[in-house]
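Here the structure comes first, spelled out in structure tokens, and everything after it is commentary.
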Amino acid sequence: MGLKQNLHNLKEKYKGTKMAPAFNAIHTFLYLPNETTHGGTHIKAADDLKRTMNTVIMALVPCLLFGMFNAGYQHNAAINGFTEGMSFFSGDFWNMDNFLVGLTKILPLVIVSYLVGLVIEFIFAVIKGHEVEEGYLVTGMLVPLIVPVDLPLWMLAVAVAFGVVIGKEVFGGTGMNILNPALTIRAFLFFAYPTWMSGDKVWVHGAVEAAGTADAISGETVLGSLAQSQPISYSVSDMFFGFIPGSVGETSTLLILLGALFLIFTKIGSWRIMLSSVIGALVMGFIFNQVVDMGWVGETSKFYGLMSLDFWKHLLIGGFAFGAVYMATDPVTAAQTNKGKWIYGFLIGFISIMIRVFNPAYPEGVMLAILLMNVFAPTIDHYVVQGNVKRRLKRLKAKTA
Amino acid sequence: MSKDIRIKKGLDIKLVGEAEQVTTELPLGSVFAVKPDDFHGVIPKILAKEGTEVKAGEALFYSKSDERILFSSPVSGKVTEIVRGARRKVLAIKITADAQQEYKDFGKKDVDAMSGEEVKNHLFASGCWPFVKQRPYDVVANPNQAPKAIFVSAYASAPLAADYDYALKGKEAELQAALTALTKLTTGKVHVSVAANSTLSPFKGVKGVELHKVSGPHPSGNVSTQIAQISPINKGEVVWVVTPQDLVVIGELLLTGKFNITRTIALAGSKFNKPQYVTAKAGAQIADVVKGNLDADNARVISGNVLSGEQVGQEGFLGYYDNMITAIPEGDDYEFFGWNKPIFNKISASRALTFSWLNPKKKYDLNTNTNGEHRAFVVTGSYEEIFPLDIYPMQLLKACMYKDLDEMEGLGAYEIAPEDFALTEFICVSKQPHQKIIREGLDLMREELG
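If you're matching them up, the sequences are chains A and B in order.
Using the numbering used here, you'd call the opening residue of the first sequence number 764 and step up by one each time.
Using the numbering used here, you'd call the opening residue of the second sequence number 74 and step up by one each time.
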């Protein structure tokens, strides 16, 4: 009777057994289940959580592909020299040589991230007897995009295991976690293996092995060189298109912008959070620019490099754009009320740039800013909701008075 | 005097199978049933034992909480069976109808001369009190409380809903009598809302009430939406709610002395060969009402609308309050890659490769598939887009789930009924049973706070 019937028979056979969630997780990937409504509404809208998550993944795929090309490009360019003033569609960038280098480095990251994370999800689903939730589909995609290309796979595996268990499952699984799981994984890597997560050797493939030899290549990120008050060696268009060293998927502001527009159009991503974090970042950057203009911070200050950066350029460098679009908008860990989202996003942008400038040891502030605001999101929501409660009480008072 | 209420947030669910404005008079069926579950929260005490002969309007049972509240038989006949479930809970009282219908005579009344107390007693005695429901909690009204106002929504915005302008045509006298009676029950006003674009509304000429014109997408016709706009319910306040089809029954009782619960009912949905209106009594067996019209193969038959009606099947009975029967296809089939391929034939509130936003006027033939499995709450902000009350829907749902009475109270649980959460349930990507969550939360509040 064909695949559909065979799978249906298998599902009936395993119904109620321990392995049912694991089987169903795979089954529902092939087929939308045959479940019908009972009680409640008799019809339901077309979207489910799988579709929602899938939409986010679709928005991430361009960043992943770009990351593969860029990994190869950075590697080859560091050896052979950079091409000046490339257009976005330049053949110097989009070629098989570059792609293959990236593919062989990044595909394993993706596979390890998904494999480890999903196995843990399946185990917890089977133990707890609930269906496998889709949350990890996005997390598993995000993780390879926010790590350096040369990260050893075992470190990634350890970090993913830590992040999924401690960051998510101990809180009760998808929908219950406080911290963004992908950022928990990155934070774990960051603090457990700092030499692999920062510095000037990790962002370009091959830089670590070549260190100390005659072929040594430097792979400093724009943020890293700014933190040492060195001038930017990349043009604005390079930074906007993403032809710069950095974590795998975070470099191309252009593609991230397109992804953001897609998420906003599909109503999956919150435009409130994205917009307000950009505003927050611009405001903080602008304040720092003013501080420099007033002459309060001299050129000898170690903060000068980042503080004097034109405020809008903060959006182009580092992981800010990626964080604001894909990480801050995670609905579970973000503020959940519309008003709360404005406050939450603004503070993320504001604090990101502040950490960036004042903490040159960890020049990327976005990760810490988002994690910090994840913790405060419930508090923000609490006060927003209390506003509604108070309004209701006031109505009662006006009535009885 | 009329006032305009414009609702912006919401979602009109357009389905195929709208009832054509033709009414067929159906012969009286043989078996009828009254289900105590239709009256949420009422614990029935049986008056008419098996074998008793009853007239139409004679009480079958009363409410344990207040023995004045009687529940009447829709037809005259013999009580043939009292169906009981677990722990001897009464599920249904079945009556086999007589060929010749006899009505219990309650006497004609001059409404204008009646006092509030007389109206109340008359409604008690005739079994019409259950038509008066209350907010908070969405249950049969507690007659010992004084409502601050009474609301009637004569605008049905639910999918495929029966058109009141058509179904109540020619009932102006009954409506006027019933509304006059209602004005005696409250010191406040009686608010009636009609569709802004309605020209034929039988409520156009009624006196003694405040008329409102409602426009906007569903749930603009839900009475809670209108209450929130006109006079929101505060803690400690009570409002009463009556549906227009029940006003007709009350009106006829006052004018003729008979309890006649015959309604013009819409048969709607894609599984009816000829969606149209019929006349039927509440409690009629579905098979009798849909005979010859229903395509029974793989059909879900619902007493009420697709959002908050009850699944009945052909052996079931028309709900006591319902004025429509909907039949839609069951969706118990798998769909290959249904979760990621572009979708053109289903409604969605997002645009995640779902294309219902392209064509907002299109009518859809939706089935009962859940389109996904039950999940934890993940997505935020989508309910607010279609929820017109000044309430945080997800926060209230969560408060109901973790049973925090203070929080439920603070977030506005007094203002809502389960049906107000039908739309959020419809669009919920986590497929959570919102109406059930709210109902359980309201029951808990009622139990604990009274």
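Even glycine gets a Cβ: it sits at the ideal position worked out from N, Cα and C.
Keep in mind that this is a model prediction, so the values were computed, not measured.
Proximity winner among the options, relative to residue i (alpha-carbon distances)
i	options	result
residue 1012 of chain A	A:1152, A:800, A:824 and A:796	A:824
residue 966 of chain A	A:912, A:1162 and A:949	A:912
residue 111 of chain B	B:212, B:488 and B:428	B:212
residue 955 of chain A	A:868, A:921 and A:1075	A:921
residue 893 of chain A	A:788, A:1022, A:987 and A:816	A:788
residue 868 of chain A	A:847, A:1010 and A:1106	A:1010
residue 106 of chain B	B:410, B:115 and B:165	B:165
residue 801 of chain A	B:383, B:161 and B:80	B:383
residue 712 of chain A	A:778, A:1080, A:1069 and A:938	In the structure as shown, chain A begins at 764 and stops at 1164. Residue 712 of chain A is therefore absent and cannot be evaluated.
residue 315 of chain B	B:222, B:369 and B:405	B:222
residue 856 of chain A	A:866, A:865, A:832 and A:871	A:832
residue 1094 of chain A	A:1108, A:1084, A:1083 and A:1081	A:1108
residue 144 of chain B	B:153, B:154, B:130 and B:151	B:130
residue 194 of chain B	B:258, B:124, B:159 and B:78	B:258
residue 999 of chain A	A:1073, A:1034 and A:931	A:1073
Residue i versus residue j - alpha carbon distance
i	j	result
residue 914 of chain A	residue 1131 of chain A	20 angstroms
residue 794 of chain A	residue 407 of chain B	6 angstroms
residue 804 of chain A	residue 456 of chain B	15 angstroms
residue 339 of chain B	residue 394 of chain B	13 angstroms
residue 862 of chain A	residue 883 of chain A	31 angstroms
residue 157 of chain B	residue 229 of chain B	34 angstroms
residue 420 of chain B	residue 401 of chain B	15 angstroms
residue 478 of chain B	residue 514 of chain B	8 angstroms
residue 520 of chain B	residue 473 of chain B	14 angstroms
residue 74 of chain B	residue 278 of chain B	Below a pLDDT of 50, predicted positions are generally treated as unreliable, and residue 74 of chain B, at 46, falls in that range; the measurement from the model is reported next regardless. Answer to the nearest angstrom: the Cα atoms are 11 angstroms apart.
residue 1145 of chain A	residue 461 of chain B	21 angstroms
residue 93 of chain B	residue 136 of chain B	38 angstroms
residue 1090 of chain A	residue 829 of chain A	18 angstroms
residue 372 of chain B	residue 387 of chain B	10 angstroms
residue 269 of chain B	residue 218 of chain B	32 angstroms
residue 180 of chain B	residue 330 of chain B	4 angstroms
residue 97 of chain B	residue 351 of chain B	5 angstroms
residue 959 of chain A	residue 953 of chain A	8 angstroms
residue 783 of chain A	residue 381 of chain B	31 angstroms
residue 274 of chain B	residue 298 of chain B	20 angstroms
Per-residue burial, residue i [other beta carbons within 10 Å of its own, 16 or more giving buried]
i	result
residue 791 of chain A	buried
residue 917 of chain A	exposed
residue 842 of chain A	exposed
residue 844 of chain A	exposed
residue 1121 of chain A	exposed
residue 1047 of chain A	buried
residue 1064 of chain A	exposed
residue 409 of chain B	exposed
residue 493 of chain B	buried
Contact list for residue i against chain A, beta-carbon separation under 7 angstroms
i	result
residue 392 of chain B	Simply none; closest approach about 14 angstroms.
residue 465 of chain B	1100, 1148 and 1151
residue 441 of chain B	799, 800, 805 and 806
residue 502 of chain B	810, 811, 812 and 815
residue 527 of chain B	Absent from the structure is residue 527 of chain B, since the part of chain B shown begins at 74 and ends at 523.
residue 373 of chain B	805
residue 262 of chain B	Per Cβ cutoff of 7 angstroms: no residues; residue 262 of chain B is ~15 angstroms from chain A at best.
Neighbouring residues, chain A, relative to residue i (Cβ below 9 angstroms)
i	result
residue 379 of chain B	804, 805 and 806
Under 8 angstroms from the C-beta of residue i: neighbouring residues of chain A
i	result
residue 508 of chain B	802, 803 and 804
residue 307 of chain B	1155, 1158, 1159 and 1162
residue 218 of chain B	Result: empty, since nearest Cβ-Cβ is about 17 angstroms, beyond 8 angstroms.
residue 444 of chain B	795, 807, 808, 809, 810 and 811
residue 421 of chain B	808, 809 and 810
Residue i: contacting residues in chain B (beta-carbon distance under 8 angstroms)
i	result
residue 1028 of chain A	424
residue 767 of chain A	407 and 409
Near the ligand MG: residue i beta-carbon under 7 angstroms from a heavy atom
i	result
residue 929 of chain A	The ligand content of the structure shown is nil, which means the ligand MG is not present either.
Residue i: contacting residues in chain B (beta-carbon distance under 9 angstroms)
i	result
residue 778 of chain A	The premise fails here: residue 778 of chain A is roughly 14 angstroms from chain B at the closest Cβ pair, so nothing lies under 9 angstroms.
residue 937 of chain A	448, 449 and 451
Partners in chain B for residue i, counting only beta-carbon separations shorter than 7 angstroms
i	result
residue 1033 of chain A	454
residue 928 of chain A	Result: empty, since nearest Cβ-Cβ is about 17 angstroms, beyond 7 angstroms.
Restricting to runs no shorter than 3 residues, where is the beta strand (DSSP E) found entirely within the segment 134–176 of chain B?
Those beta strand (DSSP E) runs which fall completely within the segment 134–176 of chain B and span 3+ residues are 139–145, 150–157 and 163–170.
Please give the ranges of any beta strand (DSSP E) in the segment 385–443 of chain B, keeping only runs that are unbroken, at least 3 residues long and fully inside the region.
Listed in chain order, the beta strand (DSSP E) elements of length 3 or more contained wholly in the segment 385–443 of chain B are 397–402.
If we require 4 or more residues per run, which alpha helix (DSSP H) segments fall completely within the segment 1006–1089 of chain A?
Entirely contained in the segment 1006–1089 of chain A, the alpha helix (DSSP H) runs reaching 4 residues are, in chain order, 1016–1028, 1034–1056 and 1067–1070.
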